[in-house]
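One structure below.
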Amino acid sequence: MPRPIKWRRVCRMPKSNRFGPMDARSKQDCIITMTIEEYETIRLIDLEGFTQEECAAQMSIARTTVQGIYNAARKKLSESLVNGKTLHIEGGNYKLCDSFEKPCLQDGCCRRRRCESDTPKVENGEVQ
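Everything in the sequence shown is counted per our numbering, starting at 1 for the first residue and increasing by one.
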């Protein structure tokens with residue numbers, strides 16, 4: 001019997017899932033695919049300033065697993081930047097936090113509450 005899938009908890013989906021040079025070629029060998037959980041480790045560690053231990057707790061996985069995912073993500077990101085390849089973010093073994101495609105705002109989800117600023121504020125019926 002195969003080992004059951006260990007789902008990684010992801011707070012939010014990327015706003016864009018394709019990045020690359022303006023003159024991007026559509027050849028398959030010029031496309032690098034990054035998984036959603038690789039994207040999440042980059043977001044948590046590099047953008048939010050989490051340690052690998054904090055990232056592991058947030059994603060409900062082991063620190064050694066985070067380290068492997070993070071190293072793979074950095075390699076893909078640097079290959080895309082240095083070699084001018086298109087980066088697609090898709091797939092993986094993940095489950096979104098309670099609210100679909102919106103930040104969950106659980107403790108530690110967005111350390112500096114950047115996610116809150118992504119949500120438009122409504123005052124007197126007008127979006128601010």
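Glycine included, C-beta positions come from ideal geometry on N, C-alpha and C.
Extent of the continuous alpha helix (DSSP H) to which residue i belongs
i          : result
residue 77 : 63 to 83
residue 33 : Careful: residue 33 lies outside any alpha helix (DSSP H), inside the beta strand (DSSP E) at 31 to 34.
residue 59 : 52 to 59
Close Cβ partners of residue i (< 7 Å) along its chain, the five nearest in sequence each way excluded
i           : result
residue 133 : For residue 133 there is no data in the structure shown, the boundaries of the chain being 1 and 128.
residue 75  : none
residue 5   : 93
residue 41  : 55, 66, 69, 70, 73
residue 84  : 21
residue 141 : Residue 141 lies beyond the range of the chain shown here (1 to 128); nothing can be said about it.
Own chain residues within Cβ distance below 8 Å of residue i, not counting five before or after
i          : result
residue 52 : 45, 63, 66, 67, 70
residue 18 : 86, 87, 88, 89
residue 2  : none
residue 77 : 34, 42, 87
Boundaries of the beta strand (DSSP E) in which residue i is found, first to last residue
i          : result
residue 89 : 86 to 89
residue 95 : 94 to 96
Where residue i sits in the DSSP three-state scheme
i          : result
residue 43 : helix
residue 12 : coil
6 Å CB neighbourhood of residue i in its chain, flanking five on each side removed
i          : result
residue 36 : 10, 92, 94
residue 80 : 32, 87
residue 60 : 9
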